[in-house]
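In what follows, a structure is listed as C-alpha cells, so that the remarks can point back to it.
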C-alpha cells in the first residue's frame, strides 16, 4: 500500500515532535524558571543573618520515598548537606515534619531525637536548633532550621515567631514551584501525545488542549509557546523543521556547557 503524501508528512512531523520532547527533557532545569530556588536560598540566607545563626537550611518532604531532602543551606557545612536525605521520622527535622509543630532545643546532644550520625556526616554538629514546619494547605511540605546563634546560647520565643514568618514565605515559594513542575510535566506529556497523533486534525485538537493547560500558570505559557512555534514552523516544510530542531538542540548543548555558579 502506497502511503499518501499527507500521511507521510504527518509521520515526519510526529517523529520531529518526539525529538522536540527529547530536547525539552534533556534541557531539564535549564529551561525551567529558577526564581523559586533563588528565593528559597535568599530566605535561608536572610534568616541566618537576622538570627545571627551559624547555619540554616530548608529540607523538603519526598512523599514517594518517605524522606526529607535538603534543598538549600547557608553557613557551616552548607555544601555538604545539600542533596542529603533522611527518613521522615528521623532526627529533630523529622519530628517537626511528623508532628507539624515547631521546636527550639538549647542542647541538642541531650535530646534523644537528635540524629548525631547525620550531623557528623555533614561536617557540622550544632549545639542549638530552632526548627519550623513548612505548611501549605494544612499539609507539612518541609522544614526550615536555623542552627546555633553566634552571640547567644539558644533561641527564644521571639525567634520562633520570626522564623514562622520566614517559613510561611518559603512554603508559598515551594508550593508555587511544585505546581509549575506538575503543569510542566502535563505539558510535556501533551507534546508526547501530539507526537503520537495520526492526523493533522488530531494535532490541532491536542494543541487546543495544550493551550488550555497553559492558562493555568503564566509561566507555563513559555513552554506552550515553544511547542506552538514548532508546530507553526513545521507547516513550512522539512528543512524549516530541521533547522528549528537544530537550533533548539544547539542551544540546549550551549546551556549545559556553561559552568554553573554556586548559589
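In the working numbering, the protein residues as written are 113 to 375.
Don't be surprised by glycine CBs; every beta carbon is placed ideally from N, CA and C.
Distance from the CA of residue 157 to the CA of residue 185, rounded to the nearest whole angstrom, comes to 8 Å. In the three-state scheme derived from DSSP, where H, G and I count as helix and E and B as strand, residue 156 is classed as helix. In the three-state scheme derived from DSSP, where H, G and I count as helix and E and B as strand, residue 200 is classed as coil. DSSP places residue 258 inside the beta strand (DSSP E), whose first and last residues are 251 to 261. Pairing residue 242 with residue 216 gives a Cβ-Cβ distance under 8 Å. Taking one beta carbon from each stretch, the region 228 to 238 and the region 207 to 214 have fewer than 3 pairs nearer than 8 Å; the two do not touch.
Contact between residue 240 and residue 220 holds: their C-beta atoms lie close to 7 Å from each other, under 8 Å. In the structure shown, residue 182 falls within a strand segment according to DSSP collapsed to helix, strand and coil. Non-local beta-carbon contacts of residue 196 in its own chain, meaning distances under 6 Å to residues more than five positions away in sequence, involve 182 in chain order.
Counting only unbroken stretches of 4 or more residues, the alpha helix (DSSP H) elements lying wholly within the region 191 to 241 are 203 to 211, 228 to 234, in sequence order. The Cβ-Cβ distance between residue 152 and residue 262 does not fall below 8 Å. The beta carbon of residue 276 sits closer than 8 Å to the beta carbons of 214, 244 from its chain, once the five residues preceding and following it are set aside; these are given in chain order. For residue 173, the uninterrupted beta strand (DSSP E) segment begins and ends at 165 to 174. As a beta-bridge residue in DSSP terms, residue 247 pairs with 252. Secondary structure at residue 276: helix, using DSSP grouped into helix, strand and coil.
Separation of residue 172 and residue 256 (C-alpha to C-alpha, rounded to the nearest whole angstrom) is 9 Å.
Sequence-distant partners of residue 282 (beyond 5 residues in either direction) whose C-beta falls short of 7 Å from its own C-beta, in its chain, are 152, 155, 170, 246, 256.
One thing to note: residue 187 has its Cβ within 8 Å of the Cβ of residue 168. In terms of CA proximity to residue 177, 198 leads the group 358, 198, 341. Excluding the 5 residues flanking it on each side, residue 179 has same chain C-beta neighbours closer than 7 Å at 197, 198, 199, 200, in chain order. Non-local beta-carbon contacts of residue 355 in its own chain, meaning distances under 7 Å to residues more than five positions away in sequence, are absent. When beta bridges are read from the DSSP output, residue 187 appears opposite 167. Beyond the five residues adjoining it in sequence on each side, residue 272 comes within less than 8 Å, by CB distance, of 214, 216, 242, 244 in the same chain, given in chain order. Under the criterion of beta carbons closer than 8 Å, residue 165 and residue 223 do not qualify as touching, at roughly 18 Å.
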